[in-house]
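Asker:
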Amino acid sequence: MSERKNGLTYAEAGVDIDAGNAMVEKIKPLVRSTRRPGADGEIGGFGGLFDLKAAGFSDPVLVAANDGVGTKLKIAIDAGIHDTVGIDLVAMCVNDLVVQGAEPLFFLDYFATGKLDPEQGAAIVGGIAEGCRQAGCALIGGETAEMPGMYRGGDYDLAGFAVGAAERGQLLPTDDIVEGDVLLGLASSGVHSNGFSLVRRIVEQSGLGWDAPAPFAAGKTLGAALLEPTRIYVKPVLQAIRNTHGIKALAHITGGGFPENIPRVLPKDFAAELDLESIAVPPVFSWLAKTGGVAPAEMMRTFNCGIGMIMVVASGQAAQVAAVLQEAGETVEPIGRIVPRRDAGVIYRGSIEL
1 MSERKNGLTY AEAGVDIDAG NAMVEKIKPL VRSTRRPGAD GEIGGFGGLF
51 DLKAAGFSDP VLVAANDGVG TKLKIAIDAG IHDTVGIDLV AMCVNDLVVQ
101 GAEPLFFLDY FATGKLDPEQ GAAIVGGIAE GCRQAGCALI GGETAEMPGM
151 YRGGDYDLAG FAVGAAERGQ LLPTDDIVEG DVLLGLASSG VHSNGFSLVR
201 RIVEQSGLGW DAPAPFAAGK TLGAALLEPT RIYVKPVLQA IRNTHGIKAL
251 AHITGGGFPE NIPRVLPKDF AAELDLESIA VPPVFSWLAK TGGVAPAEMM
301 RTFNCGIGMI MVVASGQAAQ VAAVLQEAGE TVEPIGRIVP RRDAGVIYRG
351 SIEL
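Written out as structure tokens, the structure is:
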């Protein structure tokens, strides 16, 4: 009769501490690459530090946001592409900070998986570091959790937490929005990180695999094209805010699309009138609408349809604001105006070209 083995280990239960330590060593250079004034520490402690005074603030108000990437992660997992979803994670948080006029200062992530693969984890954190560099914020810490039984195999989930600051009295929206203010739309990079449960259903109906050529993006696989990361608007928008003082409000077009997000930043007596024919719709949205038979109203309620950020700008400063943004690399178009509100918070003029 064989002897009973005593003394189970954590690794035999499915959690590999050594793999976690290996991943930490892999990501340390990535974290260092995001350093900025106010954040100079190393990861590995019990908390991250940030010095507001060193960052140049005198009387700051802190602004915080958290978000995830949603079921876009399923495409990353199934397609085996892990180096871009970290950018999405950062983008969904920091874009929500800048719409309030806040400069993102630091970021923390939560990465949970069924079985930790240090290479996969490093690729994910590499995307997070790239997002932080694009946003100008420091990655000062995070948490990696290996949870067998909660997640299957290579499945994982991500959550992100960002903190920013603005000097007191400089937060957005302002209280002087009036009829006739101009709406400027900033082009998106694609689907961004909302509506992917519908995207995945449409792809399933199409019968295409993630490695098939993308019908709407030459030279890319379907998986890579749909994983195009969310555009981070932080640096150009902050530049426009500080250089023009003409921006009154900003709306990040995420889940809920135009009708849900724009009214969030408007006084209750005003509505946004959108000229739909002025919106240049990227091919990915046309493909999704046609392949899935999705109605235009549903498209505009689910996706950004090519506009990832909308600005409310004083009419006399619209050209100046647009010029600053274009100089910083953004594609900007006037897409509407502020009008008195009678019923809906968003009024459509014309039809969107899907």
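Each step along the sequence shown adds one to the number in the UniProt record's numbering, with nothing skipped, and position 94 is 94.
Backbone N, C-alpha and C fix where the C-beta goes; we use that ideal spot for every residue, glycine too.
(1) Can you tell me whether residue 230 is buried or exposed? The criterion is at least 16 other CB atoms within 10 Å of its CB, across all chains shown.
(2) In this structure, does DSSP put residue 311 in helix, strand or coil?
(3) At which residues does the beta strand (DSSP E) containing residue 114 begin and terminate?
(4) Between the Cα of residue 131 and the Cα atoms of 109, 152, 145 and 120, which residue gives the shortest distance?
(5) Based on DSSP bridge pairs, tell me the residues matched to residue 252.
(6) For residue 196 versus residue 66, is the C-beta distance shorter than 8 Å?
(7) Going by the beta-carbon positions, is the gap between residue 89 and residue 128 smaller than 8 Å?
(8) Out of 258, 233 and 289, state which residue places its alpha-carbon closest to the alpha-carbon of residue 329.
(9) Do residue 335 and residue 178 have their C-beta atoms closer together than 8 Å?
(10) Only counting the same chain, and skipping five residues up and downstream in sequence, which positions put a Cβ closer than 6 Å to that of residue 36?
(11) Taking DSSP as the reference, what is the three-state secondary structure of residue 346?
(12) How long is the line joining the alpha carbons of residue 140 and residue 49, rounded to whole angstroms?
(13) Would you check if the distance between the CB atom of residue 15 and the CB atom of residue 183 is smaller than 8 Å?
(14) DSSP three-state call for residue 88: helix, strand or coil?
(15) Looking at the secondary structure, which residues open and close the alpha helix (DSSP H) in which residue 339 lies?
(16) Using a Cβ-Cβ cutoff of less than 6 Å, which residues in the same chain neighbour residue 87 once the five nearest sequence positions on both sides are dropped?
(17) Return the chain-ordered list of same chain residues with a C-beta closer than 6 Å to the C-beta of residue 237, the five sequence neighbours on each side being excluded.
(18) Check whether the Cβ atoms of residue 300 and residue 257 lie closer than 8 Å to each other.
(19) Indicate whether residue 208 and residue 84 have their beta-carbon atoms separated by less than 8 Å.
(20) Using the rule of at least 16 other Cβ atoms within 10 Å of the residue's Cβ for burial, across every protein chain shown, is residue 351 buried or exposed?
(21) To the nearest angstrom, how far is it from the Cα of residue 47 to the Cα of residue 92?
(22) Going by DSSP in three states, residue 176 sits in which element: helix, strand or coil?
(23) How many Å lie between residue 102 and residue 316 at the Cα?
(24) DSSP three-state call for residue 353: helix, strand or coil?
(25) What span of residues does the alpha helix (DSSP H) with residue 324 cover, start to end?
(26) Report back the beta-carbon spacing between residue 291 and residue 202 to the nearest angstrom; my notes put them in contact at under 8 Å.
(27) If we ignore side chains and look at the alpha-carbon of each, how far apart do residue 288 and residue 268 end up?
(28) With a threshold of 16 other CB atoms inside 10 Å of the CB of residue 302, please say whether the residue is buried or exposed.
(29) Whole angstroms is fine: what's the gap from residue 21's alpha carbon to residue 136's?
(30) Could you pull out every unbroken beta strand (DSSP E) segment of at least 3 residues lying fully inside the UniProt domain "PurM-like N-terminal" (61-165), listed in chain order?
(31) Can you list, in chain order, the residues of its chain whose CB lies under 7 Å from that of residue 275, leaving out five sequence neighbours each side?
(32) Between residue 242 and the rest of its own chain, which residues show a CB-CB distance below 8 Å, the 5 nearest in sequence each way excluded?
(33) Spell out the partners DSSP gives residue 275 in its beta bridges.
(34) So, with DSSP's three-state summary, where would you put residue 167?
Answerer: Looking at the coordinates:
(1) buried
(2) strand
(3) Looking at the DSSP string, residue 114 is not in any beta strand (DSSP E), and its letter there is neither H nor E.
(4) 109
(5) 309
(6) no
(7) yes
(8) 233
(9) no
(10) 138
(11) strand
(12) 7 Å
(13) no
(14) helix
(15) Where residue 339 is concerned, there is no enclosing alpha helix (DSSP H), although the beta strand (DSSP E) it sits in stretches over 332-340.
(16) 127, 130, 131 and 229
(17) 98
(18) yes
(19) no
(20) exposed
(21) 23 Å
(22) coil
(23) 24 Å
(24) coil
(25) 318-327
(26) 5 Å
(27) 33 Å
(28) buried
(29) 27 Å
(30) 103-113 and 138-146
(31) 335, 336, 349 and 350
(32) none
(33) 349
(34) strand
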